[in-house]
Amino acid sequence: MELQLHTGDIGNYLKKHNIKPSYQRMKIFQYLLYNHNHPTVDTIYRALCTEIPTLSKTTVYNTLNLFIEKKLVYVIVIEENETRYDLLTHTHGHFKCTCCGAVFDVELSIDYSKSQELLGCDIEEKHIYFKGICRNCKERSN
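Residue 146 in the working numbering sits at position 103 of the sequence shown; the count goes up by one each step and never skips.
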């Protein structure tokens, strides 16, 4: 369930979610839209700082927090010292390769409504993470 949006529509999409579409905000959103690498603030900053010399890590961080507040992006914390961001807000899991560090989406079909342990609970967040060696690293080691 991927967000289908063209670059020219990003400004209107942000406006629709009550976000002023500044150039920096649109470029950060565009980066998330076209790079499904679950980036950190540093990753986004390094990718955009040559194109936007006035960009700061603080701007990236504040923009991501605004996107989180408006429920356009959510935070992934697989390792305690590493915060990553995901544009996909539907329920899915993540796999992190312990060899190369890649993080990718894992589609899941879990019906939480049938879990007796969760009946009567208000679920505020769902996090499903897997760690191991990805296919690429496994093939390289063989």
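Where is the CB? At the ideal position from N, CA and C, for every residue including glycine. Since the structure is predicted, the reported quantities are computational estimates derived from the model, not experimental observations.
| Item | Value |
| --- | --- |
| Secondary structure, alpha helix (DSSP H): runs of 4+ residues fully inside the stretch 86–141 | 100–112 |
| Nonlocal neighbours in the same chain, by C-beta distance under 7 Å from V103, ignoring five residues either side | I71, V84, I87, Y88 |
| Residues of its chain near G175, where Cβ-Cβ distance is below 6 Å and the 5 sequence neighbours each way are ignored | none |
| For S99 and P82, the rounded distance between their alpha carbons | 16 Å |
| Per DSSP, cross-strand counterpart(s) of K181 | For K181, which the question treats as bridged, DSSP gives no partner whatsoever. |
| Per-residue DSSP class, three states only, for K174 | strand |
| Member of Q159, P64, F138 whose CA lies at the smallest distance from the CA of L151 | F138 |
| Nearest candidate by alpha-carbon position, reference T50, set E160, K169, N185, L76 | L76 |
| R127 classed as buried or exposed, judged by whether at least 16 other C-beta atoms fall within 10 angstroms | buried |
| Residue burial classification, Y66 (beta-carbon count within 10 angstroms, cutoff 16) | exposed |
| CA-to-CA distance, P64 to E160, given in whole angstroms | 43 Å |
| Enclosing alpha helix (DSSP H) for G163 [first to last residue] | Element bounds for G163: n/a, residue is neither H nor E. |
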